[in-house]
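Novice:
Residue numbers (our numbering): 60 to 397.
See the structure below:
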């Protein structure tokens, strides 16, 4: 049963307020704690010393924006994958896009030294982000071709899983042949990091994620039709191949961009859509898509605050907070079959 519009609007307002509060707390948290009132004053143009202003606007603000973008992008991607595949345990990495990004980064960090390509100027300028994006683009192209050719959605799922296994096997071979220093660099990337993104990189990251989110918004009607399966959607006049391509392109752009810039950040895309459904008690994607964006933003800011407080990789925190949600989903589905 749908909630009243007033209740839904109040919930959106409440989530918005929580998001703003967490944003201020996240900016206040770091090596040196800065009072939240000072943070608010700096953000609203108040008078404060130049050192505090530089710390907040040049360092912490970028990290907070990156955390928010990751939460929004991965959460929406997870919602789309769960709807398309009709699987509550589907996540943004299901299509193998992150595996492609991981393989690109592994070839850059681990493979280039083995092949003696470290002195190539073009390769040096490419960097981790560039290599991750090339890996993402290759997989995106493959997924686009597969989704146009394969009628059964299960075939796309199997191909995505296979891509992940192949990429994982190649990465393991590269890890086995690499030095300890290269392995450490790749391991640190795979843990997920929000702190190394520069303002220039953010200027590239934001437009790509915005394009992916626009695709998501454009696919809301298709996602609602897919709730009852592809056969029903087809009878309603939906072009399955075109809609699937748009949804997969959106997921690939969102997930691939996040992975290339920040490494694979797990569990957010898997857990947040379920939390959003529980909060709004609604299956309509006109409510779920913006709701998932807000909930994902809040979740990632919370994870970032905890990660900075305990000096831990953000992936550890997302896993600790995400696993209980996944166990609840599994238990709920098991009770349904009793």
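We treat Cβ as the ideally placed atom computed from N, Cα and C, and that holds for glycine.
(1) Can you list, in chain order, the residues of its chain whose CB lies under 7 Å from that of residue 87, leaving out five sequence neighbours each side?
(2) My output table needs one value for residue 383: the three-state DSSP class, helix, strand or coil.
(3) Starting from residue 283, trace the alpha helix (DSSP H) in both directions and tell me its first and last residue.
(4) Locate the alpha helix (DSSP H) running through residue 342, then write down its first and last residues.
(5) Could you check the C-alpha separation between residue 275 and residue 302 for me, to the nearest Å?
(6) Are the beta-carbon atoms belonging to residue 137 and residue 226 less than 8 Å from one another?
(7) From residue 330 to residue 146, what does the alpha carbon distance come to, in whole angstroms?
(8) Need the endpoints of the alpha helix (DSSP H) that residue 150 sits in, please.
(9) Under 8 Å, do residue 313 and residue 132 count as touching if we go by C-beta distance?
(10) Quick one: give me the first and last residue of the alpha helix (DSSP H) that residue 127 is part of.
(11) So, do the region 351 to 367 and the region 287 to 302 have three or more beta carbon pairs nearer to each other than 8 Å?
(12) Residue 181 to residue 204, Cα distance in whole Å?
(13) If you check the beta carbons only, do residue 199 and residue 68 fall under 8 Å apart?
(14) Kindly indicate the opening and closing residues of the alpha helix (DSSP H) around residue 211.
(15) Can residue 215 and residue 206 be called in contact, C-beta distance under 8 Å?
(16) To the nearest angstrom, report how far apart residue 218 and residue 150 are at their CA atoms.
(17) Short check: CB of residue 306 to CB of residue 139, under 8 Å?
(18) Return the chain-ordered list of same chain residues with a C-beta closer than 8 Å to the C-beta of residue 75, the five sequence neighbours on each side being excluded.
Specialist: Looking at the atomic coordinates:
(1) Once the five neighbours on either side are set aside, the close Cβ partners of residue 87 are 93, 94, 95 and 98.
(2) Helix.
(3) 279 to 285 is the span of the alpha helix (DSSP H), which, as asked, contains residue 283.
(4) It is not in any alpha helix (DSSP H) - residue 342 carries neither H nor E in the DSSP assignment.
(5) C-alpha separation (whole angstroms): 11 Å.
(6) The answer is no: Cβ separation not under 8 Å.
(7) Taking the straight line from one Cα to the other gives about 13 Å.
(8) Careful: residue 150 lies outside any alpha helix (DSSP H) and carries neither H nor E.
(9) Contact annotation: residue 313 and residue 132 have beta-carbon atoms nearer than 8 Å.
(10) That run of the alpha helix (DSSP H) goes 120 to 143.
(11) No, because fewer than three Cβ pairs between the region 351 to 367 and the region 287 to 302 fall closer than 8 Å, the two stretches do not touch.
(12) With a pLDDT of only 49 at residue 181, under the threshold of 50, the placement of this residue in the model should not be trusted; the figure read from the coordinates follows. If I take the Cα positions, the gap works out to 29 Å.
(13) In this structure, residue 68 does not lie closer than 8 Å to residue 199 by Cβ.
(14) No alpha helix (DSSP H) contains residue 211, which DSSP labels as neither H nor E.
(15) In terms of Cβ geometry, residue 215 and residue 206 form a close pair [threshold 8 Å].
(16) Rounded to the nearest angstrom, the gap between the Cα atoms of residue 218 and residue 150 is 15 Å.
(17) Cβ distance < 8 Å, so residue 306 and residue 139 count as in contact.
(18) The beta carbon of residue 75 sits closer than 8 Å to the beta carbons of 353 from its chain, once the five residues preceding and following it are set aside; these are given in chain order.
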